[in-house]
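Engineer: Have a look at this one.
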Amino acid sequence: MPVTRCIPDLISYNSAVKAAGGKGGQWQLAMLLLETVQVQSLRPDKITFSGAISSCEHGGQWELALHLLGAMTSSSIRPDEINCNAGITACEKSGQWQVALALLSKMPEIRLVPNHISLSASISACEKGGQWQLALVLLGHIPLRRLTLNEISFSATISACEKGGQWQQSLFLLAQMPGVRIEPNEFSYSAAISACEKCQQWQLALALLDNMHEAEVLPNCFSYNAAISACSNSDQWEGALWLLGEMPVMRFMPSDISYNAAIHACEGGCQWELSLLLLADMVLLRLSPDRISCNAAVSACERRAARWPWTTRDTGRAV
1 MPVTRCIPDL ISYNSAVKAA GGKGGQWQLA MLLLETVQVQ SLRPDKITFS
51 GAISSCEHGG QWELALHLLG AMTSSSIRPD EINCNAGITA CEKSGQWQVA
101 LALLSKMPEI RLVPNHISLS ASISACEKGG QWQLALVLLG HIPLRRLTLN
151 EISFSATISA CEKGGQWQQS LFLLAQMPGV RIEPNEFSYS AAISACEKCQ
201 QWQLALALLD NMHEAEVLPN CFSYNAAISA CSNSDQWEGA LWLLGEMPVM
251 RFMPSDISYN AAIHACEGGC QWELSLLLLA DMVLLRLSPD RISCNAAVSA
301 CERRAARWPW TTRDTGRAV
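No gaps in the numbering here: position 159 of the sequence shown is 159 in the UniProt record's numbering, and each next residue is one more.
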């Protein structure tokens, strides 16, 4: 019986490229398949390029994504919104906020209208780059373009303000969400709590954590760690320890970040015994105390020792 040899056609290659461009982001394989298509004297079409760009998006390969967008244009294939959004997201994942915004601004030039995905990804890029002012501008553009605001765009903007130390702006945005029929989620709250933590607004951080419970929004580990750090930054060791103890009740395992912040709070309150107990707990939980936690515990002991009559001159007077 003669053996027949099947030669893959463009449809076969497109299917393989699309599979490589899934959530796994096997961009190397996608690029190899694209190169093979060209070697086989097959002409890549829009489906081929779209699959390859998608793989670069998931893999955070922003330079390759932009190169492929340019190759599409050179091949007289017009990119669509999905292709541009993938390129913007690739830039966002790599922290390339300038390039993301440049690609966003170029979309109207090729007769493409940015949608909520384009703007949300651009806001996230600004958030990663600490560009809170630009994030606010982009957030304002969403309703102007008659697009629907969502949790992602709000949370990313709140996080951008948090990174910029703008806790008032973070709280303002959080308060605005119900007014546009968007319920704040754990990411929105956590970013606002972190903003309060960075600016030593520990009372507001704890109030936001309480608000989460009242709104039936389940806090996450980031929420608790930010609140503990807020207490730590203001030497509120009682609050830090209370939150640390509440984490297992809420079925969250405290991390080294949680313990480091609590030990630092005990240091500020000269609670050396508690600092040492927390260090022992870290060992029992198989968490490795780092230099931060050890230094904080030692500092707590030193602060306590400075209050004791150790010197020879003071010892006799104390006795």
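Idealized CB from N, CA, C, for every residue including glycine. Every value quoted in this text rests on a predicted model; they were computed, and no experiment measured them.
Can you have a look at Q271 and say buried or exposed, based on whether 16 or more other CB atoms are within 10 angstroms of its CB?
Structural biologist: Its Cβ being crowded by 16 or more others within 10 Å, Q271 is buried.
Engineer: State the Cα-Cα distance for the pair I117 and A20, rounded to the nearest angstrom.
Structural biologist: Roughly 22 Å between the two C-alpha positions.
Engineer: Within 10 angstroms of its Cβ, does residue 334 collect 16 or more other Cβ (buried), or is it exposed?
Structural biologist: With the chain covering only 1 through 319, there is no way to say anything about residue 334.
Engineer: With a cut-off of 8 Å, do at least 3 Cβ pairs link the segment 163-171 to the segment 137-149?
Structural biologist: These segments do not touch.
Engineer: Could you check what DSSP says for F252 in three-state terms: helix, strand or coil?
Structural biologist: Three-state DSSP puts F252 in coil, outside helix and strand.
Engineer: Mind listing, in chain order, the continuous beta strand (DSSP E) runs of no fewer than 3 residues lying wholly within the segment 127-194?
Structural biologist: For the segment 127-194, not a single whole beta strand (DSSP E) run of length 3 or above is found.
Engineer: Which term fits I278, buried or exposed, when burial requires 16 or more other beta carbons within 10 angstroms of its beta carbon?
Structural biologist: In the sequence on display, residue 278 carries Leu and not Ile. With 16 or more other Cβ atoms within 10 Å, it is buried.
Engineer: Is the beta carbon of A191 less than 8 Å from the beta carbon of D235?
Structural biologist: In this structure, D235 does not lie closer than 8 Å to A191 by Cβ.
Engineer: Should L144 go down as buried or exposed, given a rule of 16 or more other Cβ atoms within 10 Å for buried?
Structural biologist: Exposed, by the Cβ-count rule.
Engineer: State the Cα-Cα distance for the pair residue 328 and G95, rounded to the nearest angstrom.
Structural biologist: Any question about residue 328 goes unanswered here, given that the chain covers just 1 to 319.
Engineer: Alpha carbon to alpha carbon, what distance is there between N115 and W62?
Structural biologist: Their backbone Cα atoms lie some 20 Å apart in a straight line.
Engineer: Could you round the C-beta distance between L204 and Y224 to whole angstroms and report it? I think they count as a contact, below 8 Å.
Structural biologist: At roughly 16 Å, the Cβ-Cβ gap does not stay under 8 Å, so L204 and Y224 are not in contact.
Engineer: Just how far apart, CA to CA, sit I11 and R43?
Structural biologist: Going from the Cα of I11 to the Cα of R43 covers about 11 Å.
Engineer: Do you know whose CA, among I182, Y259, I158 and A226, lies nearest Q131's CA?
Structural biologist: For the residues I182, Y259, I158 and A226, the minimum Cα distance to Q131 belongs to I158.
Engineer: Using CA coordinates, which residue listed in L134, A52, L119 and G165 is at the minimum distance from L147?
Structural biologist: Of the listed residues, the one whose Cα sits closest to L147 is L119.
Engineer: To the nearest angstrom, how far is it from the Cα of G87 to the Cα of I77?
Structural biologist: Cα to Cα, G87 sits roughly 16 Å from I77.
Engineer: From M212, V283, A262 and I292, pick the residue whose C-alpha is nearest to that of L274; which is it?
Structural biologist: The shortest C-alpha separation from L274 is found at A262.
Engineer: Can you list, in chain order, the residues of its chain whose CB lies under 8 Å from that of L283, leaving out five sequence neighbours each side?
Structural biologist: It should be pointed out that residue 283 corresponds to Val in this sequence rather than to Leu. Closer than 8 Å at the Cβ level, and outside the excluded window around V283, lie P289.
Engineer: Grouping DSSP H, G and I as helix and E and B as strand, with all else coil, what is L287?
Structural biologist: Three-state result, L287: coil.
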